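S.K.: Dropping the structure in here first, questions after.
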Amino acid sequence: MITGQREGHLTTDITGENDGDAIEEAVAATVDATSADGTRTAGPWKLVRDCGTRTGWSTAEVLPAGTWKVHVHIGFPSRGHAEREVSVPVADPAPPQHFRRAHRTRSCSCEPSGRSRALG
């Protein structure tokens, strides 16, 4: 389920289809977006675990300000699709320090226990 955006990063909750439990394994999911007027596109981008949440996944990349029709495509552990219109307000381009640390590509990965580990 697409839950919205946080400082331009698309946010989602991904849970088991039948039980609603958090996914403990890797997820293969991509995001693409088209502006409301159809003149701009973004993605495809991978979803990465949103450190500090049980079911949260988000993009490391930031959607520019505007209204976007967003699609999430999941290929593993099971196939799924979600779409939603998301509005990204004009905001300060420098995200808070804690958010930058959590979304550095290839520097942080959250394990199911909530601990982080470095990626090699």
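Here the numbering used here is used: the first residue of the sequence shown is 316, the next is one more, and so on. Using N, Cα and C, we set each Cβ at its ideal position, and we do this for glycine too. Just so you know, these numbers come straight off a predicted model, no measurement behind them.
1) Could you check whether the stretch 367 to 378 touches the stretch 391 to 399, counting it as contact only if at least three pairs of C-beta atoms, one from each stretch, sit closer than 8 angstroms?
2) Please give me, in chain order, every unbroken run of the beta strand (DSSP E) with length at least 3 that falls completely inside the stretch 345 to 399.
3) In its own chain, which residues sit with a C-beta less than 8 angstroms from the C-beta of GLU332, not counting the 5 before and 5 after it?
4) Might you give, ordered along the chain, the residues of its own chain that have their beta carbon closer than 6 angstroms to the beta carbon of THR356, omitting 5 neighbours on each side?
5) Excluding the 5 residues preceding and the 5 following HIS388 in the sequence, name in chain order all residues of the same chain whose CB lies nearer than 7 angstroms to its CB.
6) Whose CA, out of THR327, TRP383 and GLU400, lies closest to the CA of LEU362?
7) With a Cβ-Cβ cutoff of 8 angstroms, do TRP383 and ALA341 count as a contact?
8) Any idea if VAL401 is buried or exposed, counting beta-carbon neighbours within 10 angstroms, 16 or more meaning buried?
9) Looking at the structure shown, is GLY335 part of a helix, part of a strand, or coil, going by DSSP?
10) Which same chain residues, not among the five before or five after GLY435, have their C-beta less than 8 angstroms away from its C-beta?
11) When DSSP builds the beta bridges, which residues end up paired with VAL403?
M.R.: In brief:
1) Judged by Cβ distances under 8 angstroms, the stretch 367 to 378 makes no contact with the stretch 391 to 399, as fewer than three pairs qualify.
2) Taking only runs of at least 3 residues, the beta strand (DSSP E) segments lying wholly in the stretch 345 to 399 are 356 to 364, 371 to 374 and 381 to 391.
3) Within the same chain, GLU332 has close Cβ partners SER393 and GLY395.
4) Cβ within range, chain order: THR349.
5) Here the set comprises ALA344, THR345 and HIS396.
6) When only C-alpha atoms are compared, the closest one is THR327.
7) The Cβ atoms of TRP383 and ALA341 do not sit closer than 8 angstroms to each other.
8) It is buried - the Cβ of VAL401 has at least 16 other Cβ atoms within 10 Å.
9) Reduced to three states, the DSSP call for GLY335 is coil.
10) Because the pLDDT at GLY435 is just 33, under 50, the model does not fix this residue reliably, and the point stays unresolved.
11) Answer is GLY381, bridged to VAL403.
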